[in-house]
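Take a look at the structure:
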């Protein structure tokens, strides 16, 4: 054949993506052969029973088939019809036409208004780019920044493997910095300086630092001091910040609140540090993974660089319009006092309350297993427990054996990175509570059997 | 600021994408200031008034909001309800969950059945990858093949700039081959051999040839002999073929028919030439550009290479589900005898008849302008006329002046590539007939005024 594996370059061959790697492939194989699998490998809420918000889905249905508003007047609350009507009129041509490369201006306006409501700061709709999920925004930012094979990006250890995979694909260097497991996975200035210094010695030109807050896979929520420390570090070393904030609505720990990098930058009157921040419709309380909606906001990025971002976006034309509209429904809740509002609040509240209960259940359950220690799941959708690995076993081997024995599919810590000599896995908190309880006890029984 | 233009690498800076370049930016500026613009720069049918197919949109609305089927029983024909029900049950979790990285197996089965119906050949659903439009499939194939800076990809001159832009972005080499304008833009074996020989002398390792059929921007439709010649050429030189077949339903010339590379390969019992073929929901009679649906089919690609394709797909999780379902509606028309069938055939027929009339109108109109010569628009959605450039003017300058004077937005031939010393532009055939007639006479008057 005209292609063989030797035609494929290292950029592709070296790319790793554990979240959908060999353990998941084996889980699918087992499922096809009749086994029941609990998929805890990926944050895919609706695959584990979470219902979509009616507000979102009514708007999408009305935009896909605008005649519905007149065909079925009783089926839609007036505020949903109104939102869809505004969206269609703001789009001019509906879901079937390419939008501007950045996404519909009407929706970018709504995103800017959302940021202003959330943080009390201004946001420029021309600095907002609508993307197919957050992943495509992250990839665009990394593509922009990785100019030569010596360029590096600081990424947390553990990290979400989108970062490592994309940096490899664009042939840059990963500059890993450890998160401090002893202190709720916060970032430590010392550990950041260590990592940067080491990269410098290796001849790496570090361009940016990736921060995931709330943390994936760690479940941490950074406080305001930590966010400000990171901005100070980035400023001192001339780094850009990539702020992955897709779990901003998933905060469970009492008293914790989401502190955006944009807000902290404005509070610090920081004009030097370039910021790319990312949000998504896939997480939070929407859990609309399949619609692929998201955005990237740029701050302190010069106009000639933004023009390059726009050009790259334009090569693949625009993000998908249903995803753009899903994002609109996220940043524009039904109006207070409108017919959809009470239902919206109930649906949203039920989802977040349930996730909070699961976050506690899984962390407590794992901590009760001998040899396990798990930080509180303060936010996001994952537990990342540390556990004692039986001698001679890799964490990947342990996870594969767990799958074979119990049908539970988790991702080994090595897929995210971890301190040498430690072992972890990532499990989503998304299965229903009774399944989570079974899961925890199965893990306990399995682990006991391994020693 | 922590980023400046000097941080951006040549892979990004050198990328060009004329279809959404400075002329389009200027058109948008003029529009905002109140001018009427005729956008002929891009194949975006619904932005120019084409209506979506009811079949497609009913399925999408029902999948976004499944309660509709019971809430508004009268609003939906039974076959649309049935198609949506099958789709939802095939997806297991609806539009809100990530699908398999390749896309829903249920839809890949439907795509394989479509290929079998179209070509009378077998197709393996495991070799089909659902993508956000065809663009993402093309980019995946190019990413796979471009392993080193010496690797080259043969692309037609003129070509659709997605190819040149992506090859630049992945830092490969463009190996341009001329299409034969004197012979309806067919491919010529001599011109292919010339191009390949020249690349060899420049130290380029040519990996694949891109063929766009029907042609963008040329409007050509390749005959079976031409397709077989290309396969023979690829075989002799060990090249893969990237077959961009997104305009396969847009054939206007009497007697012409679409000849897929897959069908020709099977007819030739060709097992050596690796083939990547691409299709989209954005063109044809659907014109659903904003939904971003499409697929890539692999043939004669070894399993270890396919595994790499799958891994790359998995990094950005999956293509958007509404786009996947739009593709389902394209490859699965309403059943014969069902309540949606007659309406579907009428809507489809009207769109294709109208496009055919416009294809003739624009080519005839342009050919009547002194100094213009335009091949018949046998297929696709574009005219690519050759015209006499006034002395001292670039084609870009001519197109910009045309925009300023008339509000007509076309893309200069230099954005696609052309024989040195010739000038062209690309204009879509999509505006309604009365607008097309005005457009042709405005171009004639403008051109006369330039000499």
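Residue numbers (my numbering), protein chains in the order written: chain A, 9 to 459; chain B, 9 to 459.
We put the beta carbon where it would ideally sit given N, CA and C, even for glycine.
Cutoff 8 Å: residue 23 of chain A Cβ touching any chain B Cβ: So, interface residue.
I'd like to know whether the C-beta atoms of residue 103 of chain A and residue 298 of chain B end up nearer to each other than 8 Å. In this structure, residue 103 of chain A places its C-beta atom within 8 Å of the C-beta atom of residue 298 of chain B.
Here's the rule I'm using: 16 or more other beta-carbon atoms within 10 Å means buried, otherwise exposed. How should residue 18 of chain A be labelled? By the neighbour-count rule (16 or more Cβ atoms within 10 Å), residue 18 of chain A is not buried but exposed.
Could you pull the DSSP bridge partners for residue 278 of chain B from this structure? Note: residue 278 of chain B sits in no beta bridge, so no partner.
Alpha-carbon spacing of residue 255 of chain B relative to residue 307 of chain A, whole angstroms: Distance from the CA atom of residue 255 of chain B to the CA atom of residue 307 of chain A, rounded to whole angstroms, is 40 Å.
Measuring only between beta-carbons, confirm whether residue 11 of chain A sits less than 8 Å from chain B. Cβ-Cβ to chain B under 8 Å: yes for residue 11 of chain A.
List the DSSP bridge partners of residue 285 of chain B. DSSP lists B:251 and B:305 as partners of residue 285 of chain B.
Give the range of the beta strand (DSSP E) segment to which residue 160 of chain B is assigned. That run of the beta strand (DSSP E) goes 159-165.
Burial state of residue 215 of chain B (16 or more Cβ within 10 Å): So residue 215 of chain B ends up on the buried side.
Closest by CA to residue 245 of chain A, which one among A:400, A:351, A:139 and A:207? Measuring from the Cα of residue 245 of chain A, the nearest candidate turns out to be A:207.
Measure from the alpha carbon of residue 514 of chain B to the alpha carbon of each residue in B:388, B:127 and B:359, then state which is nearest. Beyond the ends of chain B as shown, which are 9 and 459, falls residue 514 of chain B; an answer cannot be given.
Leaving out five residues before and five after residue 301 of chain B in sequence, what residues of the same chain have Cβ atoms less than 6 Å from its Cβ? 289, 331, 334 and 335, listed in sequence order.
Residue 240 of chain A CB to nearest chain B CB: under 8 Å? False, the Cβ-Cβ gap to chain B never drops below 8 Å.
Within 10 Å of its beta-carbon, does residue 22 of chain A have 16 or more other beta-carbons around it, so buried, or fewer, so exposed? Burial call: exposed.
Assign residue 329 of chain B to buried or exposed, taking buried as 16 or more other Cβ atoms, counted over all protein chains shown, within 10 Å of its Cβ. That one is buried.
Is the beta carbon of residue 303 of chain B sitting closer than 8 Å to the one on residue 323 of chain A? Taking 8 Å as the cut-off, the Cβ atoms of residue 303 of chain B and residue 323 of chain A do not count as close.
Locate the alpha helix (DSSP H) running through residue 418 of chain B, then write down its first and last residues. Neither: residue 418 of chain B is in no alpha helix (DSSP H) and is coded neither H nor E.
Among B:258, B:447, B:176 and B:411, which has the Cα closest to the Cα of residue 157 of chain B? Comparing Cα-Cα distances from residue 157 of chain B to each of B:258, B:447, B:176 and B:411, the minimum goes to B:176.
I need the boundaries of the alpha helix (DSSP H) containing residue 7 of chain B, first residue and last residue. This structure cannot speak to residue 7 of chain B, because chain B is shown only from 9 to 459.
Taking 6 Å as the limit between beta carbons, can you name the residues of its chain near residue 248 of chain B, skipping five residues before and five after? Same-chain partners within the cutoff: 216 and 282.
If we count the other Cβ atoms within 10 Å of its Cβ and call it buried at 16 or more, is residue 378 of chain B buried or exposed? Exposed is the label assigned to residue 378 of chain B, since fewer than 16 other Cβ atoms lie within 10 Å of its Cβ.
If you count every other CB in all the chains shown that lies within 10 Å of the CB of residue 402 of chain B, and 16 or more means buried, which is it? Flag for residue 402 of chain B reads exposed.
Alpha carbons only, please: which of B:219, B:179 and B:120 is nearest the one belonging to residue 234 of chain B? Ranking the options by Cα distance to residue 234 of chain B, first place goes to B:219.
Minimum length 4: unbroken alpha helix (DSSP H) runs contained in the region 352-395 of chain B: Complete alpha helix (DSSP H) runs here, min 4: none at all.
Please name the residue in A:107, A:60 and A:257 whose C-alpha comes closest to that of residue 71 of chain B. Of the residues A:107, A:60 and A:257, the one whose Cα lies closest to the Cα of residue 71 of chain B is A:60.
Can you pull out the residues from the region 141-162 of chain A whose beta carbon lies closer than 9 Å to at least one beta carbon of chain B? Along the region 141-162 of chain A, the positions whose C-beta sits under 9 Å from a C-beta of chain B are 141, 143, 144, 147, 151, 152, 153, 154, 155, 156 and 159, read in chain order.
Just checking: is the beta-carbon of residue 443 of chain A within a distance shorter than 8 Å of some beta-carbon in chain B? Interface residue (Cβ-Cβ distance to chain B less than 8 Å): residue 443 of chain A is not classified as such.
Range of the contiguous beta strand (DSSP E) that encloses residue 336 of chain B: Note, residue 336 of chain B: premise wrong, no beta strand (DSSP E); alpha helix (DSSP H) at 329-339.
Please determine if the region 402-412 of chain B and the region 430-445 of chain B are in contact, where contact requires at least 3 C-beta pairs separated by less than 8 Å. With the cut-off at 8 Å, the region 402-412 of chain B and the region 430-445 of chain B touch.
If the criterion is Cβ atoms closer than 8 Å, does the pair residue 127 of chain B and residue 270 of chain B meet it? Residue 127 of chain B is a Cβ neighbour of residue 270 of chain B, given a cutoff of 8 Å.
Taking beta-carbon pairs under 8 Å, can you tell me which members of the region 378-389 of chain B lie near chain A? None of the residues of the region 378-389 of chain B has a beta carbon lying less than 8 Å from any beta carbon of chain A.
Residues in the region 318-334 of chain A with C-beta within 7 Å of chain B's C-beta atoms, listed in sequence order? Under the 7 Å Cβ criterion, the region 318-334 of chain A contributes 319, 320, 322, 323, 324, 325, 328, 329, 330 and 331.
Who are the near neighbours of residue 373 of chain A in its chain, counting only those whose CB is closer than 6 Å to its CB and skipping five residues on each side? In its chain, beyond the 5 residues on either side, 448 have a beta carbon closer than 6 Å to the beta carbon of residue 373 of chain A.
In the DSSP assignment, find the unbroken alpha helix (DSSP H) run with residue 183 of chain B in it and report its ends. DSSP places residue 183 of chain B outside any alpha helix (DSSP H); the residue lies instead in the beta strand (DSSP E), whose first and last residues are 181-186.
Thinking residue 178 of chain B and residue 150 of chain B are a contact (beta carbons under 8 Å), I'd like their distance in whole angstroms, please. With a contact defined as Cβ atoms closer than 8 Å, residue 178 of chain B and residue 150 of chain B qualify at about 6 Å.
Can residue 57 of chain B be considered in contact with the ligand SAH, in the sense that its beta carbon sits closer than 7 Å to one or more heavy atoms? Among the ligands in the structure shown, none appear at all, so the ligand SAH cannot be discussed.
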